[in-house]
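Visitor: Below you'll find the structure I mean.
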Amino acid sequence: MSILIKNGRVITATDDYTADIFIEGEKVSLIGNNLDVKADEVIDAKGKLVMPGGIDPHVHLEMPFMGTFSTDNYETGTLAALHGGTTTVIDFIIQKQGESLKAAYDEWTGRANGNAYGDYAFHMAVTDFNEDTKKEIGYFINELGISSFKTFMAYKGALMIDDKQMIGLMHEVKKHGGIVTSHATNGDIIDYLVAKHKAEGKLSLLYHYLSQPEETESEATGRFTDMAYNTGVPSYIVHMSCEGSLNALRRSQLRHQKVYAETCVQYLLLDASLYEKNFEGAKWVMSPPLREKKDQKALWGGINQGSVQTIATDHCPFHWEQKLNGKDDFSKIPNGAPGIENRMELMFSEGVQTGKISLNKYVEITSTNSAKIFGMFPRKGTISIGSDADIIIFDPNEEHTISAKNHHMNVDYSAYEGWEVKGKCKQTILRGKLVIDNGKVKAEKGYGKFIKRDKFKNI
Ligand code: URP
Ligand code: ZN
Ligand code: ZN
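So this is what it looks like as C-alpha cells:
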C-alpha cells in the first residue's frame, strides 16, 4: 500500500515548507517537490497543513479508579483520538499495592490487546516500591519497552508512595536508563483539608478545589525535582496546573537538571470559576483542580519559554451518572474529565490561531517532545524519511463547534461543550494507513499497535 500526499504545507517542530510526501508501507519514503511516483492513493493537501500525528502522553483508558472505571476503553478512546488527530497515546498501567508490576501489566495488556484503533504505549505506575518490585524495573525497561515510571505523591492508601520509596525507585530507574514521572501534589495536606472540610459539613464541590490549594502542588513539585536531582534520574511532572509549580520547576531547570513538564489543555483554557456553578461543576472535578487565570498565563509562558515541553489531556472520562456519586460529598466525585479527541484542535485554535504559540511550537508540544522524552523519536513525533507515517492533514480554516452530540468519546458530556474552534483534522494516517478520512473510519479495531519504547536519551 502506498500513499502520495501532494502540495501540502509540511510543518514539523523545526520546518515549514511545501512538498509532496510519499508513503510506502508504514513509513515515509520520499519527501520532495513534484514527486513523480505511482501511488495506490493520492491525497491533495493544497491549502492544508501536513503535520506529525499527535501524541497524547497522558490518558487513562478503562482505568479502575475511585470505585468505578473511566468510560473510554482502548477501542473507543483510541478511535476518538484518531478523529481528533492523535495517533499515539500513552496510558498508565497501575500496580495494585501488595501485588507485582507484572500482574498489573498482564491486566492492562489483557484489556488493550487487539482492541485499539490507534497506537499506544504504557507508563508503569509504581504504587508500592519494595524489594520485589525493585527487581522488576530492569525487566520493564529492557524487555517490555516500558521505560517511564509514574509515581503518585497523593491518593494515600491506594496509589501514593512515600519519599523513601520514591528515592529507591529513582535509583533503580536511573540504573536501567528510564525516567520517573510524578503526579506531584502533597497527598497528606490534601487529605487533611478534605477531612477538615467534611468535618465542618463543607461538602459542595467547591471544596474539592479548596482542598488542593496551589501550595500543595508547588511544594510537591519542588520535593519531587529535588529528589530527582539528588538521585540524578531524568524526571517529568505530569499535569502541571499552576504558576507555583512552574516556578519550582524553573528553579530545578536552572541547575541544569534533566526535568521536564507536561500541562493539559484544561489548565490552559478553563479555570476554577466553573466550580462556582452548581453541581454541574462536577464535570471538571479533577486533580489537580482547575486553577486561576494567572496560572493559565504562566503556563502559556512556560510553554513558550521551553520549561513546559508537552501538552496532554489526562483523559479520564466518567459519565454523568458516575459523577452523581459525589452529589452530596465532593470527595466521592470520580476525578477526571474527557478531552482525548479535542486536544489537537483546541490547541491549534486557542494556541496558534490566537498567536500564543507558533506552528512549530504547536507540533513540538503536541507530538515531537513526547516522542523524544518517552523514547519514540524519530520513529514517531516528526515527518522524515524512515519515520512511521503518522500524519495528519489539517484544515486551518474550517470552523466547527465542539459538542457531546457529535464527539466520538464514550462519555455523555463534553468538557468544552459549545466551544467554537477554527481548525479541523480532515485526514489521519497511522503507519501508512488512512484511518480517518473526513470523519469516516477506514481502519479496523486491532490496527493500533503497542509501541515498545527506547530508554531515555538526551533530548
Ligand atoms: O483527576 C484526574 N487527574 N484523574 C485521573 C488520575 C490522575 O490523577 O491523573
Ligand atoms: Zn494525576
Ligand atoms: Zn492522570
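Using the numbering used here, the first residue of the sequence shown is number 15, and each one after it goes up by one. Every residue gets a Cβ at the ideal spot worked out from N, C-alpha and C, and that includes glycine.
Rounding to the nearest angstrom, what Cα-Cα distance links Y274 and K52 in this structure?
Guide: On the sequence shown, position 260 is the one that residue 274 refers to. On the sequence shown, position 38 is the one that residue 52 refers to. One C-alpha to the other measures close to 43 Å.
Visitor: What is the DSSP secondary structure of A234, counted as helix, strand or coil?
Guide: Here residue 234 refers to the residue found at position 220 when the sequence shown is read from its first residue. Here A234 sits in helix by DSSP.
Visitor: Any chance you could list the beta strand (DSSP E) runs of at least 3 consecutive residues sitting entirely within the segment 89-150, in chain order?
Guide: Segments of the beta strand (DSSP E) lying fully in the segment 89-150: 100-108 and 133-139.
Visitor: I need the straight-line Cα distance from A59 to R23, nearest angstrom please.
Guide: Reading the sequence shown from its first residue, position 45 is the one you call residue 59. Reading the sequence shown from its first residue, position 9 is the one you call residue 23. Each residue's Cα considered, the two are about 8 Å apart.
Visitor: My guess is that N424 and D86 are in contact by the Cβ rule of under 8 Å, so how many angstroms apart are they, rounded?
Guide: Within the sequence shown, the letter at position 410 stands for residue 424. Within the sequence shown, the letter at position 72 stands for residue 86. Yes, N424 and D86 are in contact; Cβ-Cβ is about 5 Å, under 8 Å.
Visitor: Cutting at 6 Å between CB atoms, please list the residues of its own chain near G68, excluding the five before and the five after it.
Guide: Translated into the one-based positions of the sequence shown, residue 68 becomes position 54. G99, T100, M358, T380 and S381.
Visitor: Spell out the partners DSSP gives V435 in its beta bridges.
Guide: Counting from 1 along the sequence shown, the entry for residue 435 is found at position 421. DSSP lists H414 as partners of V435.
Visitor: Kindly indicate the opening and closing residues of the beta strand (DSSP E) around E186.
Guide: Against the sequence shown, residue 186 aligns to sequence position 172. Unbroken run through E186 is the alpha helix (DSSP H), D177 to H190; no beta strand (DSSP E).
Visitor: Use the C-beta contact count for T28: other C-beta atoms within 10 angstroms, 16 or more gives buried, fewer gives exposed.
Guide: For the purposes of this step, residue 28 is taken as residue 14 along the sequence shown, with counting starting at 1. Counting Cβ neighbours within 10 Å, T28 comes out exposed, since fewer than 16 surround it.
Visitor: With a threshold of 8 Å, are at least 3 pairs of Cβ atoms found where one atom belongs to the segment 104-118 and the other to the segment 65-80?
Guide: A contact exists between the segment 104-118 and the segment 65-80.
Visitor: Closest to E306 by CA distance: which of I465, G258 and K272 is it?
Guide: Locating residue 306 in the sequence shown gives position 292, where the first residue counts as 1. For E306, the nearest C-alpha among the options comes from G258.
Visitor: Can you give me the Cβ contacts of L448 inside the same chain, cut-off strictly under 8 Å, excluding the 5 residues immediately before and after it?
Guide: Here residue 448 is taken as the residue at index 434 of the sequence shown, counted from 1. So the qualifying residues of the chain are I17, E55, I57, Q441, T442 and K456.
Visitor: Considering Cα atoms alone, identify which of I155, W122, Y134 and Y169 is closest to D142.
Guide: Here residue 142 refers to the residue found at position 128 when the sequence shown is read from its first residue. Ranking I155, W122, Y134 and Y169 by Cα distance to D142 puts Y169 first.
Visitor: What residue from S43, K62 and E38 has the CA that sits closest to T32's CA?
Guide: Sequence index remark: in the sequence shown, residue 32 carries index 18 (1-based). Closest option to T32, Cα to Cα, is K62.
Visitor: Rounded to whole angstroms, what is the Cα-Cα separation between M528 and S114?
Guide: Any property of residue 528 remains undetermined from this structure, which presents the chain solely from 15 to 473.
Visitor: Leaving out five residues before and five after D285 in sequence, what residues of the same chain have Cβ atoms less than 7 Å from its Cβ?
Guide: Here residue 285 corresponds to residue number 271 of the sequence shown, with the count starting at 1. Excluding positions up to five away in sequence, the list reads L304, R305, E306, K307 and Q310.
Visitor: Cβ of F312 within 7 Å of Cβ of L260?
Guide: Position 298 of the sequence shown, counted from the first residue, corresponds to residue 312. Position 246 of the sequence shown, counted from the first residue, corresponds to residue 260. It should be noted that the sequence gives Ala, not Phe, for residue 312. Yes; because the gap between Cβ atoms is below 7 Å, this pair is in contact.
Visitor: Considering only their Cβ atoms, is the gap separating Y88 from S130 smaller than 7 Å?
Guide: Looking up residue 130 in the sequence shown gives position 116. Looking up residue 88 in the sequence shown gives position 74. Ser is not the amino acid found at residue 130; the sequence shown has Ala there. Yes. Within cutoff.
Visitor: Starting from the C-beta of T195, find all residues in its chain whose C-beta is less than 8 Å away, skip the five residues before and the five after it, and write them out in chain order.
Guide: For this step, residue 195 is matched to residue 181 along the sequence shown. Only H137, S162, F163, K164, T165, S249, Y250, I251 and V252 meet the Cβ criterion.
Visitor: For ligand 3, is there a heavy atom less than 6 Å away from the beta-carbon of D328?
Guide: For this step, residue 328 is matched to residue 314 along the sequence shown. Within the cutoff, so yes.
Visitor: Taking the alpha carbon of D50 as the reference point, which residue from H74, E76 and N21 has its own alpha carbon closest?
Guide: One-based indexing of the sequence shown puts residue 50 at position 36. D50 has its Cα closest to that of N21, out of H74, E76 and N21.
Visitor: Compare the C-alpha of G159 against each of G316, K471, D133 and R467 and name the closest.
Guide: Along the sequence shown, read from residue 1 onward, the residue named residue 159 stands at position 145. Looking at the Cα atoms, R467 is the closest of the given residues.
Visitor: Using the rule of at least 16 other Cβ atoms within 10 Å of the residue's Cβ for burial, across every protein chain shown, is A172 buried or exposed?
Guide: In the sequence shown, counting from the first residue as 1, residue 172 sits at position 158. Answer is exposed; the Cβ neighbour count stays below 16.
Visitor: For H197, is the beta carbon positioned less than 6 Å from some heavy atom of ligand 2?
Guide: Reading the sequence shown from its first residue, position 183 is the one you call residue 197. The answer is yes for H197.
Visitor: For Y221 versus H211, is the C-beta distance shorter than 7 Å?
Guide: As a working mapping, residue 221 is identified with position 207 in the sequence shown. As a working mapping, residue 211 is identified with position 197 in the sequence shown. Cβ distance < 7 Å, so Y221 and H211 count as in contact.
Visitor: With DSSP as the reference, please indicate the residues paired to Q323 in a beta bridge.
Guide: Residue mapping note: residue 323 aligns to position 309 of the sequence shown, counting from 1. In DSSP, Q323 forms no bridge with anything.
Visitor: Could you work out which residue in K459, G315, N420 and T90 is closest to Y281 when comparing CA atoms only?
Guide: Position 267 of the sequence shown, counting from 1, holds the residue named residue 281. Minimum Cα distance to Y281 is reached at G315.
Visitor: State the DSSP-derived secondary structure class of D34, mapped to helix, strand or coil.
Guide: Start at 1 with the first residue of the sequence shown, and residue 34 comes out as number 20. If DSSP states are grouped into helix, strand and coil, D34 belongs with the strands.
Visitor: When you compare only the Cα positions, how much space is there between E229 and K463?
Guide: If you number the sequence shown from 1, residue 229 lands on position 215. If you number the sequence shown from 1, residue 463 lands on position 449. One C-alpha to the other measures close to 40 Å.
Visitor: When DSSP labels each residue in this structure, what does A262 get in the three-state scheme?
Guide: Locating residue 262 in the sequence shown gives position 248, where the first residue counts as 1. Here A262 sits in helix by DSSP.
Visitor: Between A403 and K149, which are expected to be in contact by the criterion C-beta below 8 Å, what is the C-beta distance as a whole number of angstroms?
Guide: Your numbering for residue 403 matches position 389 in the sequence shown. Your numbering for residue 149 matches position 135 in the sequence shown. Going by Cβ atoms, the distance from A403 to K149 rounds to 39 Å, so no, they are not a contact pair.
Visitor: Please report how far the alpha carbon of D342 lies from the alpha carbon of F293, in whole angstroms.
Guide: Taking the sequence shown and counting its residues from 1, one reaches residue 342 at position 328. Taking the sequence shown and counting its residues from 1, one reaches residue 293 at position 279. Their backbone Cα atoms lie some 9 Å apart in a straight line.
Visitor: What residue range is occupied by the uninterrupted alpha helix (DSSP H) comprising I450?
Guide: Residue numbering aside, residue 450 sits at position 436 when the sequence shown is read from its first letter. Note, I450: premise wrong, no alpha helix (DSSP H); beta strand (DSSP E) at K447 to D451.
Visitor: Assess, as a yes-or-no matter, whether the segment 70-84 is touched by the segment 337-356 under the definition of 3 or more beta carbon pairs within less than 8 Å.
Guide: Touching, yes.
Visitor: On a CA-only basis, which of I416, L219, Q109 and M390 is nearest K345? Give me that one, please.
Guide: The residue given as residue 345 occupies position 331 in the sequence shown. With the sequence shown as reference, residue 345 is identified as Ser, and Lys is not the correct amino acid for it. Minimum Cα distance to S345 is reached at L219.
Visitor: Cα separation between T11 and T90?
Guide: No statement about residue 11 is possible, as the shown extent of the chain runs from 15 to 473 and does not include it.
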